[in-house]
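The sequence shown begins at 195 in this note's numbering and counts up one residue at a time. In this text, a Cβ means the ideal position worked out from N, Cα and C, and glycines have one as well. Fair warning: this is a prediction, and the values are worked out from it, not measured in the lab. One structure is given here, and the rest of the page talks about it.
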Amino acid sequence: MPGSNSLPPAEKHTLLDEPLGLTVHTLPQPQDALAADAQRTARGRLRMLAVLLVCAAPVVASYFAYYVIRPQSIRSFGELVQPQRELPKVTATTLEGKPVSMPSLKGQWLLVSVAGGACDPACERHLYLQRQLRESLGKDKDRVDWVWLVNDAQPVRDALRPGLAQATVLRIDAAELARWLSPAAGHRIEDHLYVVDPMGHWMLRFPALSVPAEASGSAGVAPRGLDAAAAAKIKRDLERLLRASASWDQPGR
């Protein structure tokens with residue numbers, strides 16, 4: 195008959211004495227499975243990040259070239275202040291005597307001029323230029339305040355007040371002001387326009403604008419001899435600052 199009964203006794207005994215061959219497979223440990231999943235997730239994220247970097251590279255490169263490398267043809271007209279200086283922690287007053295904390299001016303771009311209350315022709319020219327520059331910014335003008343800091347106790351002429359309706363006019367101690375703003379070598383603090391960013395840092399000073407001896411006018415009338423080329427350069431710098439900060443700066447405080 196077929197089967198094991200047909201084997202010789204000796205061979206049958208050998209087969210019965212051999213142990214069964216069993217292969218034992220080790221089960222995966224939970225921590226090993228978690229580690230493998232983490233590695234796969236990390237590799238996926240790295241691939242996604244690489245794709246995003248490749249897509250964003252042209253944009254990043256263009257911003258770096260425009261704002262950091264700055265070719266000679268678009269160099270800023272204003273002088274960057276290093277290190278930047280925070281608004282002084284002092285109290286100024288309005289023309290009516292109301293106290294105003296200087297740090298409360300944060301939250302807006304500030305285009306600042308400095309002059310005594312008598313407001314000579316250079317002062318009038320600056321006030322006129324500040325107002326015109328702000329108006330020329332169109333929809334972005336509400337992100338900019340124009341500020342006149344009066345650094346003495348002289349009264350402001352009534353003839354100037356109508357043109358200052360949209361300005362912030364504050365009287366501040368001259369010594370405190372001099373510890374914050376400073377002019378270029380060979381100039382007075384009154385000779386420049388200054389820019390303060392929304393975080394309250396003085397960061398830009400425009401070159402002094404000379405005023406012809408015969409210049410006259412008021413905050414609402416253009417003094418003769420206004421340098422249109424300088425005004426255009428100041429406007430260009432302001433527009434570039436507003437564009438660069440558009441993602442985080444909003445109108446109003």
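Just to confirm the assignment, what range does the beta strand (DSSP E) spanning A309 have?
303-309
Over what stretch of residues does the beta strand (DSSP E) that includes Q360 continue unbroken?
Annotation: Q360 is outside any beta strand (DSSP E) and is labelled neither H nor E by DSSP.
Segment contact flag, the region 361-371 with the region 231-243, C-beta cutoff 8 angstroms, min 3 pairs:
no
Does the beta-carbon of E273 have 16 or more other beta-carbons within 10 angstroms, so that it is buried, or is it exposed?
exposed
Name the two residues that bound the continuous beta strand (DSSP E) containing R279.
273-280
May I have the straight-line CA-CA distance separating Y257 from V341, to the nearest angstrom?
Interpretation of Y257 is limited by its pLDDT of 47, a score under 50 that renders its predicted location unreliable; the figure taken from the coordinates is listed afterwards. Approximately 31 angstroms, taken between the alpha carbons.
Residue closest to G394, alpha-carbon to alpha-carbon, out of F271, R234, L281:
L281
Can you grab the Cα-Cα spacing for the pair K427 / I383, in whole Å?
20 angstroms
Could you give the DSSP three-state label for A286: helix, strand or coil?
strand
Applying the criterion that 16 or more other CB atoms from any shown protein chain within 10 Å of the CB defines a buried residue, is R239 buried or exposed?
A residue is called buried once 16 or more other Cβ atoms fall within 10 Å of its Cβ, and R239, having fewer, is exposed.
9 angstroms Cβ cutoff met for L323 and L403
yes
Mind listing, in chain order, the continuous beta strand (DSSP E) runs of no fewer than 3 residues lying wholly within the region 363-393?
388-390
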